[in-house]
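Residue numbers (my numbering): 8 to 184. Report on the following structure.
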Amino acid sequence: MAEATARYLITPDQLTIHQDRGSPMIAHGYLDHMKELDVTCSHSRPRVSNDNAFSESQFKTQKYQPDYPGRFENVGHARAWCEAYFDWYNDKHHHSGLAGFTPEQVFTERYRVVAIDKQKALDERYALNPERFVKGRPMVAMPPLSVAINPIVPNEDGSIIDDRVNFPTLRAAGYTK
């Protein structure tokens, strides 16, 4: 985690990591390390196995890959397959939740250039056959500005009860800012 936050220039309070409530994820050593890195920890609800919709969706995509082995021969095989899979998933797979862009395009903001090209293509098609577009000139959909698993929603008065964690045990242990 320290290497990744340094490599990607993660600033304090920029990153939230959502995880289940497994022993390693709620251990003081792990939480202390996350606190040192200024990384917010978000946890699934108790006894809810599918609380992380993003991960569940990714797992389904993974399992339905034509080359998914079902079983891995060894750790090396699993790592090699996962490395190729995640390269594809992040760099080539167009996500509906990102308006048809890849995570890499959104992360690097290359989606802006791609969107201009897509819009030019749509404009050309519209100019040739405007009658086909009963709702008018088509516009390229853009990805959401932010995506959150457990979004922080302010109270009506604008105050935020807890802006760091959603897990009462963490709060009781002093893991808040």
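C-beta atoms are modelled at their ideal positions from N, C-alpha and C, and glycine is treated no differently. Note that the coordinates shown come from a computational prediction; the quantities given were computed from them, not determined experimentally.
Annotation for glutamine 26: the continuous beta strand (DSSP E) segment containing it runs 23-26.
When DSSP states are grouped into helix, strand and coil, histidine 101 belongs to the coil group.
Non-local beta-carbon contacts of leucine 44 in its own chain, meaning distances under 7 angstroms to residues more than five positions away in sequence, involve Met8, Ala9, Thr12 in chain order. At a cut-off of 3 residues, not a single continuous stretch assigned as beta strand (DSSP E) sits fully inside the region 63-140.
The same chain holds no residue with a CB closer than 6 angstroms to that of glutamate 163 once the five nearest residues on each side in sequence are set aside. In the structure shown, the three-state DSSP call for serine 49 is strand. Tyrosine 96 and threonine 115 do not touch by the CB rule: their CB atoms are close to 15 angstroms apart, not below 8 angstroms. Around the beta carbon of threonine 47, a 10 Å sphere encloses 16 or more other beta carbons of the protein chains shown; the residue is thus reported as buried.
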